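Student: Mind looking over this structure? Questions follow.
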Amino acid sequence: MKIFKSEKDFSAIFLVILLILSCGIFMSLKVKTDNISRKKIPGSSIIYIPSGQYLKVATFGNSSLLADLIYVWAIQYYSDYTIPDMYEYLDHIFLIINE
Numbered sequence: 062m063k064i065f066k067s068e069k070d071f072s073a074i075f076l077v078i079l080l081i082l083s084c085g086i087f088m089s090l091k092v093k094t095d096n097i098s099r100k101k102i103p104g105s106s107i108i109y110i111p112s113g114q115y116l117k118v119a120t121f122g123n124s125s126l127l128a129d130l131i132y133v134w135a136i137q138y139y140s141d142y143t144i145p146d147m148y149e150y151l152d153h154i155f156l157i158i159n160e
């Protein structure tokens with residue numbers, strides 16, 4: 062007796078289960094990192110963003126899409142007024158968006 066009608070059914074179910082498990086893992090990691098105090102995480106004030114010329118190569122020609130994502134992230138980052146050194150990298154981030 063076969064449980065799955067074809068190998069395609071098995072691979073589809075396996076993919077769905079894998080996606081659900083990976084989403085669960087990432088959600089639990091997000092909850093754990095949100096519970097850590099911001100002062101305890103070294104370098105948590107900003108993520109590392111390389112220069113624009115390296116990002117152009119890394120995005121394989123989709124630099125405008127990455128610039129839009131960085132812009133949306135910057136809006137969220139700079140709207141949080143509890144970050145003490147938030148303006149330290151302002152020039153670098155918006156230079157990347159302009160490149």
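To get my numbering, take the position in the sequence shown, counting from 1, and add 61. The beta-carbon is built from N, C-alpha and C at its ideal position, and this holds for glycine as well. Note that this is a predicted model, so its numbers are computed, not measured.
1. Given 8 Å as the limit, is there contact between the stretch 127 to 134 and the stretch 76 to 90, that is, 3 or more CB pairs closer than that?
2. Please tell me whether residue 150 and residue 97 are closer than 9 Å, where the distance is taken between their beta carbons.
3. Is the beta carbon of residue 157 less than 9 Å from the beta carbon of residue 116?
4. Give me the Cα-Cα distance between residue 68 and residue 79, rounded to the nearest whole angstrom.
5. From residue 140 to residue 73, what does the alpha carbon distance come to, in whole angstroms?
6. Taking C-alpha atoms, which residue in 77, 147, 126 lies nearest to residue 44?
7. Determine the extent of the alpha helix (DSSP H) in which residue 113 is found, giving its start and end residues.
Tutor: Quick look at the numbers:
1. no
2. no
3. yes
4. 16 Å
5. 42 Å
6. The first residue shown for the chain is 62 and the last is 160, placing residue 44 beyond what the model contains.
7. 113 to 119
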